[in-house]
Amino acid sequence: MLRELSLVFPDLRNNPGLSSDLLVIPTFQQSVFDLVSVTNETQWERDLLLDYIHVFALAIVTQLRRQSYWADLTDPASGYPAFSEARGISLYPDVDGCVQLLGYQTVQAGCCRVITHPSWGTRNYPATIFCAAPVNVVTKVIEECVARPLEIKPKSLA
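The opening position of the sequence shown corresponds to residue 1115 in our numbering, with each subsequent residue numbered one higher.
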């Protein structure tokens, strides 16, 4: 997996020391709608959950970078790094990562696969955060970010 991730994140290829401490952190947001469906409501919710993960992950990435650790999120909509300036020649598909790392099942939804979360079924939105920091540091940062309210303005459903 490290070889594939170095094609997504050039920083990993350019700094081999990062790879030894690399953490892959799958995240899931529970959705109201079954995301297998393709409707105006499910698209609105996907967009909202994408906004939420960007705000949440930015808080985590910012805190880790302030402590001099490398961190990033792969944008769930594109698979490319969300916050790094350098973009690799490959992308990271969150669904494939959840299957490989967690053994989660998927269902086909048109041209896409949707994760079947063990508690929420297909009512979930996955995203993945990557960092090169000790687990205790990452845990503390995530706990601090979870304790803060997200400041986001949802788009209208129009």
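Cβ coordinates follow ideal geometry from the N, Cα and C atoms, glycine included.
Predicted, not measured: the structure shown is a model, and the values here were computed from it.
**Sub-7 Å separation of residue 1116 and residue 1133 beta-carbons** = As a working mapping, residue 1116 is identified with position 2 in the sequence shown. As a working mapping, residue 1133 is identified with position 19 in the sequence shown. Going by C-beta atoms, residue 1116 is nearer than 7 Å to residue 1133.
**Message:** I'd like the list of long-range same chain contacts for residue 1221, defined as Cβ closer than 8 Å, with 5 residues on each side in sequence excluded.
**Reply:** Residue 1221 sits at position 107 when you count from the first residue of the sequence shown. Excluding positions up to five away in sequence, the list reads 1150, 1227, 1228, 1230 and 1236.
**Message:** Between 1256, 1253 and 1244, which has its C-alpha nearest residue 1136's C-alpha?
**Reply:** Walking along the sequence shown from the start, residue 1136 turns up at place 22. Comparing Cα positions, the closest option is 1244.
**Item:** Unbroken beta strand (DSSP E) run spanning residue 1227, endpoints
**Value:** Residue numbering aside, residue 1227 sits at position 113 when the sequence shown is read from its first letter. First-last of the beta strand (DSSP E) with residue 1227: 1226-1230.
**Message:** Once DSSP output is grouped into helix, strand and coil, what is the label at residue 1186?
**Reply:** On the sequence shown, residue 1186 is found 72 positions in, with the first residue counted as 1. Of the three classes helix, strand and coil, the one that applies to residue 1186 here is strand, per DSSP.
**Prompt:** So, are the CB atoms of residue 1141 and residue 1241 less than 7 Å apart?
**Reply:** What you label residue 1141 is simply residue 27 of the sequence shown in a count that begins at 1. What you label residue 1241 is simply residue 127 of the sequence shown in a count that begins at 1. Taking the C-beta atoms as reference points, residue 1241 is found nearer than 7 Å to residue 1141.
**Item:** Selection from 1252, 1209 and 1232 that minimises the alpha carbon distance to residue 1225
**Value:** Translated into positions along the sequence shown, residue 1225 becomes position 111. The shortest C-alpha separation from residue 1225 is found at 1209.
**Asked** Tell me, which residues are paired with residue 1235 by DSSP?
**Response** In the sequence shown, counting from the first residue as 1, residue 1235 sits at position 121. Looking at the DSSP assignment, residue 1235 forms a beta bridge with 1231.
**Request:** Evaluate residue 1171 with the Cβ neighbour count: other Cβ atoms within 10 Å of its Cβ, from every protein chain shown; 16 or more gives buried, anything less gives exposed.
**Result:** The sequence position of residue 1171 within the sequence shown is 57, counting from 1. Under this definition residue 1171 is a buried residue.
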